[in-house]
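First residue of the sequence shown: 959, per the numbering used here; consecutive thereafter. Here's the structure we're looking at; comments come further down.
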Amino acid sequence: MTFLYRLALLFLAALLAGRAQDSFELKDGDRVVFYGDSITDQRLYTTFAETYIVTRFPQRKIDFVHSGWGGDRVDGGGGGPIGLRLQRDVIAYRPTVVTIMLGMNDGRYRAFDADIFNTYAGGYERIVQALKAALPSLRLTLIQPSPYDDVTRPPTFPGGYNTVLVRYGQFVKELAQRNGLAVADLNSSVAAALEKAKAADPQMAQRIVPDRVHPAAGGHLLMAEALLQSWHAPQRVTSVRIDAALGRVEDSENTTVTALRAGDSLSWEQTDKALPMPIDWKDPVLALAVRSSDFVQALDRQPLQVTGLKAPRYTLKIDGEPVGAFAKGELAEGVNLAVLPTPMAAQAAAVHALTLKHNAVHFTRWRQIQLPLDADSVPQKHAALGALDALETELINSQRAAAQPKLRSYELIPQ
959 MTFLYRLALL FLAALLAGRA QDSFELKDGD RVVFYGDSIT DQRLYTTFAE TYIVTRFPQR
1019 KIDFVHSGWG GDRVDGGGGG PIGLRLQRDV IAYRPTVVTI MLGMNDGRYR AFDADIFNTY
1079 AGGYERIVQA LKAALPSLRL TLIQPSPYDD VTRPPTFPGG YNTVLVRYGQ FVKELAQRNG
1139 LAVADLNSSV AAALEKAKAA DPQMAQRIVP DRVHPAAGGH LLMAEALLQS WHAPQRVTSV
1199 RIDAALGRVE DSENTTVTAL RAGDSLSWEQ TDKALPMPID WKDPVLALAV RSSDFVQALD
1259 RQPLQVTGLK APRYTLKIDG EPVGAFAKGE LAEGVNLAVL PTPMAAQAAA VHALTLKHNA
1319 VHFTRWRQIQ LPLDADSVPQ KHAALGALDA LETELINSQR AAAQPKLRSY ELIPQ
């Protein structure tokens, strides 16, 4: 391979990587409001999506507000009628992006009924028009309702409730197409994963959506995947290819590799521009959900490929900590660092912990102080709200700081 040919390949790889990053829907300065019912109110698919974005695009400042309310339908619910909900919990934040997921409660957990469906369709269209009128430059993502689990347990009536939700989801897709809006299917990929999980472990599979309505963390992670893919999220975290025999870096993507030293051992330093998704592989339900899906292949690829090694097996250390042992053939083919217990995964987990904390503070402010005391003239109310806003801002700043690139030291040591 000539030098000019290698240079052309490196340029092409960098160009394609840049396009993958640039094609992502969310841009620097965006503010996202997640709107929906109790499944959004769980703050799981939303926080997974937030952590992915913060760790994959650490230089972008994107704000996230989680405005789900249990029991909501297209006409509102426990948080008030739809007009109040939209004004107070969406429009007031002046978002640039809003996601809407409604339908689980709207179908009333019964066989398809045309009148009930027409109420849903008309109400959903009014929500879209109200948001477009209030926020003309808003980018909307309509979400096809997540599944009712008729897979791991028998349907409660012929055809099952999920067939109703699929029908509602088809309307949502058509509504998005008519209005030139983004759409995300949070039903079919989760239902397909439930089928695979059931084949692998029928009892454990039931715990992915334990009450048939509200997914556990594993189900929500797959829902986050579907939402992120609708936003053209990049597959790769980083990519590195090293020729140990020649002592050179053949290719790198979304990272900077320096100080390469070749000998019996191989060492180098690396500063990544992104982090892998923090997946808790110790959670057996979540692990089953991920194994039953294409999550890793679709969103969490961090390949390290090292050719030209001499010894049969090597231990990989990052920052002095062993993260795995591999045959030279495995390393030549490439290993996915994103699924290993690396310091980068630990860093991403720390970011996710801050994601959860700042959202918990926002929830406390909104649901336990702002709304219950809305009509009360309590002298310290505004001071309390301001203090919680300041605390959340501090946590968000810590979250973003925790996601920033760090220099890592790599070693491949013969066993």
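For glycine and all other residues, C-beta sits at the position ideal for the given N, C-alpha and C.
Taking a C-beta distance under 7 Å as the contact criterion, D1238 and T1213 do not qualify as a contact pair. Here the segment 1317–1335 makes no contact with the segment 1292–1299; the two share fewer than three CB pairs at distances below 8 Å.
Contact between the segment 1076–1086 and the segment 1016–1026 is absent, with fewer than three C-beta pairs closer than 8 Å.
Contact check between the segment 1275–1292 and the segment 1339–1353: fewer than three CB pairs, one atom from each, fall below 8 Å, which does not count as touching. Scanning the segment 1268–1339 for uninterrupted beta strand (DSSP E) segments of 3 residues or longer gives 1271–1276 and 1279–1285, listed from N- to C-terminal end.
Counting C-beta pairs with one atom in each stretch, the segment 1218–1233 and the segment 1034–1043 have fewer than three that are closer than 8 Å, which means they do not touch.
Contact between F992 and T1057 holds: their C-beta atoms lie close to 5 Å from each other, under 8 Å. The beta carbon of V1012 sits closer than 8 Å to those of I1020, V1309, T1313, Q1357, R1358 and A1361, all from its chain and outside the five residues before and after it, given in chain order. Taking each of S1210, P1372 and H1320 in turn and checking the Cα distance to G1344, the smallest one comes out for H1320. Here V1336 is exposed, its C-beta having fewer than 16 other C-beta atoms within 10 Å.
Assigned with DSSP and collapsed to three states, I1101 falls in strand. When only Cα atoms are considered, V1130 and Q1260 end up about 34 Å apart.
No Cβ-Cβ contact shorter than 7 Å links L1144 with L1100. DSSP, read as helix, strand or coil, puts I1085 in helix. The C-beta separation of Y1106 from R1170 comes to about 6 Å, placing the pair in contact by the 8 Å criterion. In this model, P1094 and A1150 are separated by some 37 Å (Cα to Cα). According to the DSSP assignment, Y1119 belongs to the alpha helix (DSSP H) that extends over Y1119 to N1137. Secondary structure at A1232: coil, using DSSP grouped into helix, strand and coil.
Each residue's CA atom was taken as its position, placing S1104 and Q1187 some 15 Å apart. The Cβ-Cβ distance between A1155 and A1163 falls below 7 Å. Beta bridge pairing from DSSP links I1058 with Y993 and L1100. Short of 7 Å from the beta carbon of D1201, and not among the five residues preceding or following it, lie these beta carbons of its own chain, in chain order: E1208, T1265 and G1266. For D1071, the closest C-alpha among the options T1110, R1052 and T1121 is that of T1121.
Nearest C-alpha to S1250 among A1069, D1159, E983 and A1142: D1159. When only Cα atoms are considered, Q1102 and M1059 end up about 7 Å apart. For I1371, the enclosing beta strand (DSSP E) begins and ends at L1365 to P1372.
In the assembly as shown, R1066 is an exposed residue. Its beta-carbon has fewer than 16 other beta-carbons within 10 Å.
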